[in-house]
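Notes for the one structure printed next.
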Ligand code: COA
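Following this line, the structure appears as structure tokens:
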């Protein structure tokens with residue numbers, strides 16, 4: 179008899195091994211390959227952290243320079259992919275666009291051998307911002323953007339394509355921080371999806387396409403968009419408090435709060451909250467940031483629920499002029515590193531993931547003749 183697991187959602191079950199990250203165990207609460215995310219977000223560029231997660235160690239300056247220029251050279255999109263993107267309607271969700279874009283890339287530039295796993299991952303890292311922005315600018319502004327920019331970073335490349343001009347230093351730094359915070363998070367739902375897919379010895383594009391589908395939901399990556407819709411509906415901090423109390427009384431779930439693993443705080447929140455405050459000062463905001471802070475206070479006071487990484491990302495992205503529906507695709511641009519590293523780790527010591535189920539259906543019974551049903 180297989181052992182029956184009691185917790186719903188596999189909560190608390192160890193489902194495999196990883197050397198990539200720890201969640202809620204040491205440092206500020208999140209570490210990547212032994213480094214505290216707080217320190218990484220303070221001192222590193224996203225590309226350094228991607229290198230760390232994918233290749234095992236922080237790069238030297240020479241390695242970082244060459245990694246960045248390699249990624250820069252891979253930003254272009256094949257004509258056939260552009261044609262597909264041009265056919266996707268403007269009211270499609272960008273996560274669906276990215277899912278299709280990733281899948282199409284797998285058709286055009288498939289991972290024909292696992293020896294190519296590093297290369298296809300770098301290619302996706304380099305061109306996902308191009309995919310999102312090419313579709314967005316074509317479908318919304320009727321513009322075919324030139325996706326091959328010389329921007330120094332993935333975040334700057336994304337903002338450049340989106341806004342048609344290079345970002346300022348503050349915005350580029352916030353993108354580094356945001357992408358670092360979202361890069362890896364142990365066995366979360368989308369990563370686990372990628373690992374299950376990898377365990378069948380499937381290709382990298384299939385693993386990532388499946389992971390994008392998992393991340394899309396509002397209980398996972400989609401929470402930052404839902405949080406934005408909510409805070410935007412409040413006109414002042416007092417209004418936010420009144421509305422939040424109503425939501426809690428109606429037992430509504432408030433997106434951007436709570437976490438499956440962290441119990442007291444999400445270490446990523448304090449970091450992105452600081453940057454959101456800086457951006458609020460920069461744009462002269464007097465509503466969105468105070469509203470967000472009040473929501474945080476009310477949730478802690480009433481329910482002891484804390485902001486997760488998504489909540490202050492909403493205002494931060496908004497202050498940088500990023501449309502709400504592009505929030506979760508940015509998460510993909512970053513988490514792709516974690517997904518791919520987990521796929522590689524799974525492949526290096528693989529056994530097909532195939533748990534058992536506790537059966538709750540009918541006892542065995544004979545099949546009646548069709549006339550007797
Ligand atoms: N708003 C209101 N209540 C919440 C809540 C939230 N965001 N998050 C948890 N709770 C409540 C639950 O309703 C539950 O109450 P109950 O015991 O009276 O039923 C209790 O807190 C325990 O939460 P639970 O849903 O068991 O936690 P979980 O581990 O299953 O789920 C999340 C974790 C993240 C899915 C959950 O907190 C959530 O849905 N948050 C909002 C979505 C979100 O921000 N997701 C991004 C995660 S990074």
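In the numbering used here, the protein residues as written are 179 to 551. Using N, Cα and C, we set each Cβ at its ideal position, and we do this for glycine too.
Next on the checklist: I need the DSSP call for residue 463, collapsed to helix, strand or coil.
Outcome noted: Along the chain shown, one-based indexing puts residue 463 at 285. Looking at residue 463 - three-state DSSP - the assignment turns out to be coil, as it is neither helix nor strand.
Next on the checklist: So, under 8 angstroms CB-CB, residue 485 and residue 474 are touching, yes? Tell me the CB distance rounded to an integer number of Å.
Outcome noted: Counting from 1 along the chain shown, the entry for residue 485 is found at position 307. Counting from 1 along the chain shown, the entry for residue 474 is found at position 296. Between residue 474 and residue 485 the Cβ distance is about 5 angstroms, and since that is below 8 angstroms, they are a contact.
Item to check | Straight-line Cα distance separating residue 531 from residue 303 | outcome: For the purposes of this step, residue 303 is identified with residue 125 of the chain shown, where counting begins at 1. For the purposes of this step, residue 531 is identified with residue 353 of the chain shown, where counting begins at 1. Cα to Cα, residue 303 sits roughly 26 angstroms from residue 531.
Next on the checklist: According to DSSP, simplified to helix, strand and coil, what is residue 214?
Outcome noted: Along the chain shown, read from residue 1 onward, the residue named residue 214 stands at position 36. The answer is strand: DSSP assigns residue 214 an E or B state.
Checklist entry - If we count Cβ pairs, one from each stretch, closer than 8 angstroms, do we get three or more for the segment 487-503 versus the segment 282-291? => result no
Checklist entry - For residue 201, which three-state DSSP category applies? => result On the chain shown, position 23 is the one that residue 201 refers to. In the structure shown, residue 201 sits in a strand (DSSP, three-state: E or B).
Item to check | Closer than 7 angstroms: residue 522 CB and nearest ligand 1 heavy atom | outcome: Here residue 522 corresponds to residue number 344 of the chain shown, with the count starting at 1. Checking the Cβ of residue 522 against ligand 1 gives no.
Checklist entry - Does the distance from the C-beta atom of residue 524 to that of residue 376 stay below 8 angstroms? => result As a first step, residue 524 is located in the chain shown; it is residue number 346 there, counting from the start. As a first step, residue 376 is located in the chain shown; it is residue number 198 there, counting from the start. Contact flag set, yes.
Item to check | Exposure label - residue 343; buried when at least 16 CB within 10 Å | outcome: Counting from 1 along the chain shown, the entry for residue 343 is found at position 165. With fewer than 16 Cβ atoms within 10 Å of its Cβ, residue 343 is classed as exposed.
Item to check | Euclidean distance between Cα positions of residue 420 and residue 504 | outcome: For this step, residue 420 is matched to residue 242 along the chain shown. For this step, residue 504 is matched to residue 326 along the chain shown. Their Cα atoms are separated by approximately 29 angstroms.
Checklist entry - Since residue 424 is in the alpha helix (DSSP H), which residue starts that stretch and which ends it? => result Position 246 of the chain shown holds residue 424. First-last of the alpha helix (DSSP H) with residue 424: 415-427.
Item to check | Within the segment 234-302, ranges of the alpha helix (DSSP H) (whole runs, at least 4 residues) | outcome: 239-250, 257-265 and 272-286
Checklist entry - From residue 371 to residue 385, what does the alpha carbon distance come to, in whole angstroms? => result The residue given as residue 371 occupies position 193 in the chain shown. The residue given as residue 385 occupies position 207 in the chain shown. Computed Cα separation, rounded: 7 angstroms.
Item to check | CA-to-CA distance, residue 323 to residue 341, given in whole angstroms | outcome: Counting from 1 along the chain shown, the entry for residue 341 is found at position 163. Counting from 1 along the chain shown, the entry for residue 323 is found at position 145. Answer to the nearest angstrom: the Cα atoms are 11 angstroms apart.
Next on the checklist: Using C-beta distances below 6 angstroms, list every residue in its chain close to residue 345, excluding the 5 sequence neighbours before and after it, in chain order.
Outcome noted: Stepping through the chain shown from its first residue, residue 345 is reached at position 167. So the qualifying residues of the chain are 334 and 337.
Next on the checklist: With distance defined between alpha-carbon atoms, name the residue in 548, 294, 542 and 519 nearest to residue 228.
Outcome noted: Counting from 1 along the chain shown, the entry for residue 228 is found at position 50. It is 519 whose Cα lies nearest to the Cα of residue 228.
Item to check | Length of the line joining the Cα atoms of residue 508 and residue 357 | outcome: Along the chain shown, read from residue 1 onward, the residue named residue 508 stands at position 330. Along the chain shown, read from residue 1 onward, the residue named residue 357 stands at position 179. Between residue 508 and residue 357, the C-alpha separation is close to 8 angstroms.
Next on the checklist: With three or more C-beta pairs closer than 8 angstroms as the rule, is the segment 246-257 touching the segment 310-330?
Outcome noted: yes
Item to check | Contact under 8 angstroms by Cβ, residue 368 with residue 398 | outcome: Counting from one through the chain shown, the residue named residue 368 turns up at place 190. Counting from one through the chain shown, the residue named residue 398 turns up at place 220. Yes, Cβ-Cβ distance for residue 368 and residue 398 is below 8 angstroms.
Item to check | residue 221, buried or exposed, once every other Cβ within 10 Å from all chains shown has been counted against 16 | outcome: Translated into the one-based positions of the chain shown, residue 221 becomes position 43. With fewer than 16 other Cβ atoms within 10 Å, it is exposed.
Checklist entry - So, are the CB atoms of residue 512 and residue 493 less than 8 angstroms apart? => result If you number the chain shown from 1, residue 512 lands on position 334. If you number the chain shown from 1, residue 493 lands on position 315. No, they are not a contact pair.
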